[in-house]
Amino acid sequence: MPSHSARKDLSLKGLELFQITARKGSLQDVSEETGLSVSTISHHLRNLEEHLSVELFNHSRRPMVLTPKGQVFLRNIDDALHAIRKAKAEASAGNIAEASYLRLGTVEDFDSDITPELAVFLSTSMPRCDFMYHTDSSHAILAMLRDRQLDLGITTTPAERLRDLQDKPLLRDPFVVVLPRAGEHLLQEVIEGRSKLPFLRFSGSLIIARQIESQLRRMGLALPHRFECGSNQTLMAMVAAGAGWTITTPLLFSRAKRFQPKLKMVAFPGKSFSRTLAIISTPDCSRSILDLVDARMRMLITQHAIKPFQETAPWLEKRFTLLS
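249 is the number that the numbering used here gives to position 242 of the sequence shown; each next residue is one higher, with no gaps.
If you want it as C-alpha coordinates, here you go:
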(Lines of atoms letter the chains of each structure in order from A and count residues from 1; the text may use other names and numbers.)
(Lines give C-alpha, C1' and ligand atoms only; values in the text may rest on other atoms or scores of the structure.)
Protein backbone atom coordinates (compact mmCIF):
# COMPACT_ATOMS: atom_id res chain seq x y z
CA MET A 1 0.00 0.00 0.00
CA PRO A 2 1.21 3.59 -0.66
CA SER A 3 2.57 5.70 2.16
CA HIS A 4 0.33 8.11 4.02
CA SER A 5 1.72 11.07 2.06
CA ALA A 6 0.56 9.51 -1.20
CA ARG A 7 -2.99 8.83 -0.09
CA LYS A 8 -5.81 10.20 -2.17
CA ASP A 9 -8.46 12.42 -0.63
CA LEU A 10 -11.50 10.60 0.75
CA SER A 11 -14.51 11.29 -1.52
CA LEU A 12 -18.23 10.89 -0.89
CA LYS A 13 -18.62 9.33 -4.34
CA GLY A 14 -15.99 6.74 -3.47
CA LEU A 15 -17.83 5.81 -0.27
CA GLU A 16 -21.14 5.51 -2.10
CA LEU A 17 -19.61 3.33 -4.82
CA PHE A 18 -17.96 1.14 -2.17
CA GLN A 19 -21.35 0.65 -0.49
CA ILE A 20 -23.03 -0.30 -3.79
CA THR A 21 -20.19 -2.60 -4.82
CA ALA A 22 -20.33 -4.37 -1.46
CA ARG A 23 -23.99 -5.08 -2.13
CA LYS A 24 -23.69 -6.02 -5.82
CA GLY A 25 -20.34 -7.85 -5.88
CA SER A 26 -19.88 -6.95 -9.55
CA LEU A 27 -18.44 -3.78 -11.09
CA GLN A 28 -20.57 -4.35 -14.19
CA ASP A 29 -23.75 -4.42 -12.04
CA VAL A 30 -22.62 -1.23 -10.27
CA SER A 31 -22.02 0.37 -13.67
CA GLU A 32 -25.54 -0.50 -14.82
CA GLU A 33 -27.06 0.94 -11.63
CA THR A 34 -25.03 4.16 -11.49
CA GLY A 35 -24.41 4.90 -15.16
CA LEU A 36 -20.65 5.16 -14.52
CA SER A 37 -18.06 3.21 -16.47
CA VAL A 38 -16.38 0.19 -14.90
CA SER A 39 -13.01 1.97 -15.10
CA THR A 40 -14.38 5.02 -13.24
CA ILE A 41 -15.83 2.84 -10.49
CA SER A 42 -12.59 0.88 -10.20
CA HIS A 43 -10.64 4.16 -9.98
CA HIS A 44 -12.79 5.40 -7.07
CA LEU A 45 -12.42 2.09 -5.21
CA ARG A 46 -8.64 2.08 -5.66
CA ASN A 47 -8.46 5.65 -4.35
CA LEU A 48 -10.49 4.67 -1.31
CA GLU A 49 -8.25 1.70 -0.51
CA GLU A 50 -5.16 3.87 -0.97
CA HIS A 51 -6.54 6.48 1.39
CA LEU A 52 -7.27 3.87 4.06
CA SER A 53 -4.13 1.81 3.37
CA VAL A 54 -6.18 -1.39 3.53
CA GLU A 55 -7.69 -3.81 1.04
CA LEU A 56 -11.47 -3.60 1.29
CA PHE A 57 -12.20 -6.30 -1.30
CA ASN A 58 -10.70 -9.65 -2.15
CA HIS A 59 -9.98 -8.69 -5.76
CA SER A 60 -9.16 -12.26 -6.81
CA ARG A 61 -12.71 -13.46 -6.09
CA ARG A 62 -15.69 -13.26 -8.48
CA PRO A 63 -18.13 -12.04 -7.41
CA MET A 64 -16.12 -9.59 -5.36
CA VAL A 65 -16.31 -10.13 -1.60
CA LEU A 66 -15.33 -7.90 1.28
CA THR A 67 -12.26 -8.59 3.34
CA PRO A 68 -12.76 -8.69 7.14
CA LYS A 69 -11.55 -5.06 7.31
CA GLY A 70 -13.91 -4.19 4.46
CA GLN A 71 -16.83 -5.65 6.42
CA VAL A 72 -15.96 -3.54 9.46
CA PHE A 73 -15.62 -0.42 7.30
CA LEU A 74 -18.99 -1.04 5.65
CA ARG A 75 -20.76 -1.34 9.00
CA ASN A 76 -19.30 1.97 10.11
CA ILE A 77 -20.11 3.98 6.98
CA ASP A 78 -23.70 2.77 6.42
CA ASP A 79 -25.12 5.06 9.12
CA ALA A 80 -22.81 7.90 8.11
CA LEU A 81 -23.93 7.79 4.46
CA HIS A 82 -27.55 7.64 5.53
CA ALA A 83 -27.06 10.76 7.67
CA ILE A 84 -25.35 12.59 4.79
CA ARG A 85 -28.13 11.75 2.32
CA LYS A 86 -30.79 12.80 4.80
CA ALA A 87 -28.98 16.11 5.42
CA LYS A 88 -28.74 16.74 1.66
CA ALA A 89 -32.45 15.99 1.22
CA GLU A 90 -33.44 18.30 4.08
CA ALA A 91 -31.18 21.05 2.79
CA SER A 92 -32.91 21.00 -0.59
CA ALA A 93 -36.41 20.36 0.77
CA GLY A 94 -37.45 23.99 0.81
CA ASN A 95 -36.94 24.54 -2.92
CA ILE A 96 -38.47 21.88 -5.14
CA ALA A 97 -37.48 23.82 -8.26
CA GLU A 98 -33.81 23.21 -7.36
CA ALA A 99 -34.19 19.42 -7.07
CA SER A 100 -31.69 17.71 -9.39
CA TYR A 101 -32.57 13.98 -9.41
CA LEU A 102 -35.59 11.82 -8.62
CA ARG A 103 -36.04 8.07 -9.10
CA LEU A 104 -39.72 7.16 -8.97
CA GLY A 105 -41.30 3.72 -9.25
CA THR A 106 -45.00 2.96 -9.65
CA VAL A 107 -47.06 -0.18 -9.98
CA GLU A 108 -48.60 -0.86 -13.38
CA ASP A 109 -52.04 -0.13 -11.92
CA PHE A 110 -51.52 3.58 -12.63
CA ASP A 111 -49.83 3.43 -16.03
CA SER A 112 -52.83 4.15 -18.29
CA ASP A 113 -53.76 7.68 -17.18
CA ILE A 114 -52.32 8.61 -13.81
CA THR A 115 -48.56 7.99 -14.12
CA PRO A 116 -48.20 9.85 -17.46
CA GLU A 117 -49.98 12.91 -16.04
CA LEU A 118 -47.88 12.75 -12.87
CA ALA A 119 -44.72 12.66 -15.00
CA VAL A 120 -45.75 15.76 -16.97
CA PHE A 121 -46.65 17.60 -13.76
CA LEU A 122 -43.36 16.79 -12.03
CA SER A 123 -41.25 17.72 -15.04
CA THR A 124 -42.95 21.13 -15.06
CA SER A 125 -42.70 21.62 -11.29
CA MET A 126 -39.03 20.61 -11.12
CA PRO A 127 -37.47 21.99 -14.33
CA ARG A 128 -33.86 21.27 -13.25
CA CYS A 129 -34.54 17.70 -12.16
CA ASP A 130 -33.41 14.57 -14.01
CA PHE A 131 -36.08 11.88 -13.65
CA MET A 132 -35.98 8.11 -13.77
CA TYR A 133 -39.40 6.44 -13.92
CA HIS A 134 -39.81 2.71 -13.41
CA THR A 135 -42.99 0.64 -13.71
CA ASP A 136 -43.11 -2.84 -12.21
CA SER A 137 -44.91 -5.13 -9.77
CA SER A 138 -45.26 -4.16 -6.11
CA HIS A 139 -42.65 -6.62 -4.83
CA ALA A 140 -40.13 -5.43 -7.46
CA ILE A 141 -40.70 -1.76 -6.55
CA LEU A 142 -40.25 -2.57 -2.85
CA ALA A 143 -37.02 -4.47 -3.55
CA MET A 144 -35.65 -1.49 -5.48
CA LEU A 145 -36.54 0.85 -2.61
CA ARG A 146 -34.77 -1.39 -0.10
CA ASP A 147 -31.70 -1.48 -2.36
CA ARG A 148 -31.87 2.34 -2.73
CA GLN A 149 -32.37 2.09 -6.48
CA LEU A 150 -35.47 4.28 -6.10
CA ASP A 151 -36.26 7.33 -3.95
CA LEU A 152 -40.05 6.99 -4.04
CA GLY A 153 -42.41 4.16 -4.85
CA ILE A 154 -46.20 4.06 -5.26
CA THR A 155 -47.18 0.50 -4.50
CA THR A 156 -49.28 -1.94 -2.54
CA THR A 157 -48.39 -2.02 1.14
CA PRO A 158 -46.98 -5.48 1.91
CA ALA A 159 -47.82 -7.62 4.91
CA GLU A 160 -44.20 -7.73 6.09
CA ARG A 161 -42.46 -4.88 7.90
CA LEU A 162 -41.01 -2.09 5.78
CA ARG A 163 -37.94 -1.75 8.04
CA ASP A 164 -36.40 1.68 7.44
CA LEU A 165 -38.74 2.62 4.59
CA GLN A 166 -41.50 5.13 5.32
CA ASP A 167 -45.06 4.74 4.03
CA LYS A 168 -47.83 7.27 3.52
CA PRO A 169 -51.20 5.54 2.94
CA LEU A 170 -52.86 6.78 -0.22
CA LEU A 171 -55.83 4.68 -1.33
CA ARG A 172 -58.10 1.92 -0.01
CA ASP A 173 -58.80 -0.35 -2.97
CA PRO A 174 -61.38 -3.04 -2.07
CA PHE A 175 -61.52 -6.42 -3.73
CA VAL A 176 -64.48 -7.03 -6.01
CA VAL A 177 -65.79 -9.86 -8.14
CA VAL A 178 -65.84 -9.44 -11.91
CA LEU A 179 -68.18 -11.62 -13.98
CA PRO A 180 -69.08 -11.82 -17.67
CA ARG A 181 -72.03 -9.55 -18.37
CA ALA A 182 -73.53 -12.14 -20.71
CA GLY A 183 -75.39 -15.03 -19.12
CA GLU A 184 -76.90 -15.59 -15.69
CA HIS A 185 -74.35 -16.29 -12.96
CA LEU A 186 -75.36 -16.68 -9.31
CA LEU A 187 -72.63 -15.00 -7.25
CA GLN A 188 -72.67 -17.46 -4.35
CA GLU A 189 -72.40 -20.46 -6.67
CA VAL A 190 -69.54 -18.81 -8.53
CA ILE A 191 -67.60 -17.96 -5.35
CA GLU A 192 -68.05 -21.45 -3.92
CA GLY A 193 -66.90 -23.14 -7.11
CA ARG A 194 -70.32 -24.65 -7.85
CA SER A 195 -70.60 -22.90 -11.20
CA LYS A 196 -69.21 -24.08 -14.54
CA LEU A 197 -67.45 -20.70 -14.73
CA PRO A 198 -63.78 -21.23 -13.70
CA PHE A 199 -61.82 -18.90 -11.45
CA LEU A 200 -59.09 -16.90 -13.24
CA ARG A 201 -56.44 -15.82 -10.75
CA PHE A 202 -53.42 -13.51 -10.56
CA SER A 203 -49.98 -15.15 -10.66
CA GLY A 204 -49.00 -16.42 -7.23
CA SER A 205 -45.80 -14.35 -7.08
CA LEU A 206 -47.77 -11.08 -6.90
CA ILE A 207 -48.73 -9.42 -3.60
CA ILE A 208 -52.32 -9.01 -4.81
CA ALA A 209 -52.56 -12.76 -5.48
CA ARG A 210 -51.36 -13.59 -1.97
CA GLN A 211 -53.93 -11.22 -0.46
CA ILE A 212 -56.76 -12.82 -2.44
CA GLU A 213 -55.67 -16.37 -1.66
CA SER A 214 -55.43 -15.54 2.08
CA GLN A 215 -59.02 -14.30 2.05
CA LEU A 216 -60.26 -17.38 0.19
CA ARG A 217 -58.52 -19.62 2.75
CA ARG A 218 -60.18 -17.69 5.59
CA MET A 219 -63.51 -18.40 3.89
CA GLY A 220 -62.62 -22.09 3.59
CA LEU A 221 -62.62 -21.97 -0.22
CA ALA A 222 -60.16 -23.95 -2.34
CA LEU A 223 -60.77 -23.09 -5.98
CA PRO A 224 -58.94 -25.14 -8.66
CA HIS A 225 -55.92 -23.68 -10.49
CA ARG A 226 -56.88 -23.58 -14.15
CA PHE A 227 -55.52 -20.23 -15.29
CA GLU A 228 -52.98 -17.81 -13.76
CA CYS A 229 -51.82 -14.54 -15.21
CA GLY A 230 -49.70 -11.57 -14.11
CA SER A 231 -51.67 -9.10 -16.26
CA ASN A 232 -54.93 -7.60 -15.06
CA GLN A 233 -55.78 -6.61 -18.65
CA THR A 234 -55.49 -10.23 -19.79
CA LEU A 235 -57.73 -11.39 -16.94
CA MET A 236 -60.34 -8.76 -17.90
CA ALA A 237 -60.18 -9.88 -21.54
CA MET A 238 -60.69 -13.51 -20.54
CA VAL A 239 -63.70 -12.68 -18.35
CA ALA A 240 -65.17 -10.45 -21.08
CA ALA A 241 -64.89 -13.40 -23.47
CA GLY A 242 -66.87 -15.57 -21.03
CA ALA A 243 -63.88 -17.77 -20.17
CA GLY A 244 -64.27 -17.38 -16.40
CA TRP A 245 -64.53 -14.95 -13.50
CA THR A 246 -61.96 -13.21 -11.34
CA ILE A 247 -61.31 -11.16 -8.22
CA THR A 248 -59.71 -7.77 -8.73
CA THR A 249 -60.11 -4.18 -7.48
CA PRO A 250 -61.94 -1.06 -8.72
CA LEU A 251 -58.63 0.64 -9.56
CA LEU A 252 -57.62 -2.26 -11.79
CA PHE A 253 -61.13 -2.56 -13.23
CA SER A 254 -61.02 1.15 -14.16
CA ARG A 255 -58.03 0.44 -16.45
CA ALA A 256 -59.97 -2.12 -18.49
CA LYS A 257 -62.18 0.43 -20.27
CA ARG A 258 -62.28 -1.44 -23.59
CA PHE A 259 -63.64 -4.57 -21.89
CA GLN A 260 -66.06 -2.94 -19.41
CA PRO A 261 -69.18 -3.17 -21.65
CA LYS A 262 -68.85 -6.98 -21.42
CA LEU A 263 -68.04 -7.06 -17.69
CA LYS A 264 -70.06 -6.86 -14.49
CA MET A 265 -68.37 -5.71 -11.26
CA VAL A 266 -70.10 -6.68 -8.00
CA ALA A 267 -69.23 -6.40 -4.31
CA PHE A 268 -67.28 -9.27 -2.79
CA PRO A 269 -69.75 -11.32 -0.70
CA GLY A 270 -69.59 -11.26 3.08
CA LYS A 271 -67.05 -9.20 4.95
CA SER A 272 -65.24 -6.87 2.57
CA PHE A 273 -61.46 -6.86 2.32
CA SER A 274 -59.13 -4.49 0.55
CA ARG A 275 -55.54 -3.64 -0.25
CA THR A 276 -53.85 -0.35 0.60
CA LEU A 277 -51.80 1.58 -1.91
CA ALA A 278 -49.21 3.91 -0.42
CA ILE A 279 -46.36 6.20 -1.28
CA ILE A 280 -43.26 4.53 0.13
CA SER A 281 -40.02 6.45 0.41
CA THR A 282 -36.46 5.98 1.55
CA PRO A 283 -35.48 7.84 4.75
CA ASP A 284 -33.40 10.36 2.82
CA CYS A 285 -36.15 11.36 0.36
CA SER A 286 -37.08 15.05 0.49
CA ARG A 287 -40.29 15.69 2.45
CA SER A 288 -41.26 18.45 0.03
CA ILE A 289 -41.08 16.10 -2.94
CA LEU A 290 -43.04 13.44 -1.05
CA ASP A 291 -45.80 15.96 -0.26
CA LEU A 292 -45.85 17.19 -3.86
CA VAL A 293 -46.26 13.66 -5.27
CA ASP A 294 -48.88 12.81 -2.64
CA ALA A 295 -51.04 15.87 -3.39
CA ARG A 296 -50.91 15.30 -7.16
CA MET A 297 -51.62 11.59 -6.91
CA ARG A 298 -54.70 12.23 -4.79
CA MET A 299 -56.07 14.63 -7.37
CA LEU A 300 -55.37 12.28 -10.27
CA ILE A 301 -56.81 9.21 -8.51
CA THR A 302 -59.98 11.13 -7.67
CA GLN A 303 -60.33 12.36 -11.26
CA HIS A 304 -59.49 9.16 -13.15
CA ALA A 305 -60.53 6.37 -10.79
CA ILE A 306 -62.92 7.36 -8.00
CA LYS A 307 -65.28 9.82 -9.73
CA PRO A 308 -66.12 7.55 -12.68
CA PHE A 309 -67.66 5.03 -10.25
CA GLN A 310 -69.81 7.53 -8.33
CA GLU A 311 -72.79 7.00 -10.64
CA THR A 312 -72.19 3.49 -11.96
CA ALA A 313 -71.22 1.85 -8.63
CA PRO A 314 -72.48 4.00 -5.73
CA TRP A 315 -71.95 1.04 -3.36
CA LEU A 316 -68.22 1.73 -3.64
CA GLU A 317 -68.46 5.21 -2.12
CA LYS A 318 -67.16 4.35 1.37
CA ARG A 319 -65.03 1.38 0.29
CA PHE A 320 -62.99 2.81 -2.60
CA THR A 321 -61.59 5.95 -1.05
CA LEU A 322 -58.51 8.05 -0.38
CA LEU A 323 -56.87 7.58 3.02
CA SER A 324 -55.81 10.45 5.25
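Glycine included, C-beta positions come from ideal geometry on N, C-alpha and C.
Under the rule that 16 or more other beta-carbon atoms within 10 Å means buried, what is proline 9, buried or exposed? Low per-residue confidence applies at proline 9: pLDDT is 44, beneath 50, and the placement is therefore not dependable enough to give any value.
Is isoleucine 214 near serine 145, with beta carbons less than 8 Å apart? yes
Tell me the start and end of each unbroken alpha helix (DSSP H) in the region 21-67 that is at least 4 residues and wholly inside, in chain order. 34-41, 45-59
Taking 8 Å as the cut-off, decide whether the C-beta atoms of histidine 58 and proline 290 are in contact. no
Exposed or buried, threonine 163, counting other C-beta atoms within 10 Å across all chains shown (16 or more means buried)? buried
Within a Cβ cutoff of 6 Å, which residues of the same chain sit near methionine 243, ignoring the five residues on either side of it in sequence? Ala263, Phe266
Just the Cα atoms here: how many angstroms apart are glutamate 392 and glutamate 39? Absent from the model: residue 392. The displayed extent of the chain is 8 to 331, so no value can be given.
Taking Cβ positions, are serine 281 and arginine 179 nearer each other than 8 Å? yes
Which residue's Cα is closest to the Cα of leucine 329: Thr122, His51, Ala302, Glu318? Ala302
Leaving out five residues on either side along the sequence, give the residues of the same chain with a beta carbon under 7 Å from the beta carbon of alanine 150. none
Contacting residues, own chain, Cβ-Cβ under 6 Å from leucine 19 (five flanking each side not counted): none
Can you tell me the Cα-Cα spacing of serine 261 and arginine 170, whole angstroms? 32 Å
Distance CB(lysine 314)-CB(arginine 188) smaller than 8 Å: no
Per DSSP, the bridge partner or partners of serine 281: Pro181
Per-residue burial, methionine 139 [other beta carbons within 10 Å of its own, 16 or more giving buried]: exposed
Could you tell me the alpha carbon to alpha carbon distance between threonine 309 and leucine 228, rounded to whole angstroms? 34 Å
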